[in-house]
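As structure tokens, the structure follows; a few thoughts come after it.
Numbering (our numbering), first residue to last: -7 to 283.
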């Protein structure tokens, strides 16, 4: 057996033992359930709130939201810093659950090329949600106005860092890679909504029909937004112009500018809200010890 084969076999055996040890005790299974459900609930509530902000933008009342702005709006509520800190902990819980799915294969994806690819996606999600949790915690705990204002301006942050990367040797290729990665993530949202996201849920047959409709609509909206973010980064790389890059707010703004853009934005906001509802449903119906 080659060195790589021995390493994979050892990793597989170690992950299997840890997975069995956690699932095999009442305390481990209970803590696993709390971690997974807290993460899914926070994830759902956040998307539901962002969807509401996007719907307000579609109706002409506000501008399209960024995630940083959503956190700042929560922080400005009475006692909002404590609520935002709770959101940060929930996002970190979601990152922890995604890490366990990736490293210990709680999703039963296996150790083949396809399974490792899916688990790599879970690990990338873990880093993403850990970053969001850190952003929420900084906004909640740092009371200095200028720091919070800088953090809430997603577009400025992305433009600054995109500009720095573009100044590197072959930097435009790195920016293009980010764009391609975002488009790939968008495609994966569609593929995941076919079956993967429902395999660890426990509900009746009729309920699962409705859950699948809600889940696929939500993941479809995410796919469109990730795809648009990818297009923006590819445009920045092609034009070597950092200001062309953008995140959620820039993607929603660009989509709102197409013909019938208000209806597109309204549909996407509804999709984001449905994704939030799906997260809350998954928090209720998710079975983290289901193989």
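Backbone N, C-alpha and C fix where the C-beta goes; we use that ideal spot for every residue, glycine too.
For residue i, write down the residues that DSSP places opposite it in a beta bridge.
i           : result
residue 193 : 278
Roughly how many whole angstroms lie between the Cα atoms of residue i and residue j?
i           : j           : result
residue 133 : residue 126 : 10 Å
residue 60  : residue 128 : 8 Å
residue 190 : residue 266 : 15 Å
residue 279 : residue 108 : 22 Å
residue 162 : residue 156 : 12 Å
residue 283 : residue 183 : Confidence at residue 283 is low in this model, with a pLDDT of 49, below 50, so its placement is unreliable and no value can be given for it.
residue 97  : residue 68  : 39 Å
residue 104 : residue 185 : 21 Å
residue 20  : residue 92  : 13 Å
residue 119 : residue 39  : 18 Å
residue 94  : residue 12  : 15 Å
residue 37  : residue 9   : 34 Å
residue 81  : residue 75  : 10 Å
residue 77  : residue 54  : 25 Å
residue 22  : residue 254 : 45 Å
residue 251 : residue 270 : 29 Å
residue 158 : residue 200 : 46 Å
residue 73  : residue 198 : 40 Å
residue 249 : residue 79  : 32 Å
residue 4   : residue 205 : 35 Å
residue 58  : residue 233 : 21 Å
residue 256 : residue 70  : 33 Å
residue 207 : residue 64  : 27 Å
residue 48  : residue 154 : 29 Å
residue 18  : residue 164 : 51 Å
residue 298 : residue 6   : Lying outside -7 to 283, the shown extent of the chain, residue 298 is not represented and no answer is given.
residue 238 : residue 56  : 12 Å
Can you name, in chain order, every residue of its own chain whose Cβ lies under 8 Å from the Cβ of residue i, other than the five neighbours on each side?
i           : result
residue 168 : 225, 226, 229 and 230
residue 291 : Outside the displayed span of the chain (-7 to 283) sits residue 291, for which this structure offers no information.
residue 160 : 166
residue 203 : 190, 193, 195, 270, 273 and 277
So, with DSSP's three-state summary, where would you put residue i?
i           : result
residue 78  : helix
residue 51  : coil
residue 249 : coil
residue 94  : helix
residue 103 : coil
residue 159 : coil
residue 261 : helix
residue 61  : helix
residue 213 : helix
residue 185 : coil
residue 69  : coil
residue 232 : coil
residue 243 : helix
residue 238 : coil
residue 17  : coil
residue 254 : helix
For chain D, find out if any of its Cβ atoms is closer than 7 Å to the Cβ of residue i; answer yes or no.
i           : result
residue 237 : In the displayed structure, chain D is absent; only one protein chain is listed.
Between which residues of its own chain and residue i is the CB-CB distance below 7 Å, once the five residues before and five after are set aside?
i           : result
residue 89  : 27, 28 and 31
residue 209 : 263 and 266
residue 14  : 20 and 24
residue 121 : 83, 86, 87 and 90
residue 101 : 107, 110 and 111
residue 214 : 181 and 267
residue 2   : none
CB-CB under 6 Å to residue i, same chain, minus the five flanking residues each way: which ones, in chain order?
i           : result
residue 258 : 50
residue 222 : 171, 174 and 175
residue 275 : 29, 32 and 33
residue 99  : 93
### Task
Kindly confirm or deny that the stretch 43 to 52 and the stretch 113 to 123 touch, where touching means at least three C-beta pairs closer than 8 Å.
no
### Message
Closer than 8 Å is the cut-off here; do at least three beta carbon pairs connect the stretch 238 to 253 with the stretch 207 to 222?
### Response
Touching, per the Cβ criterion.
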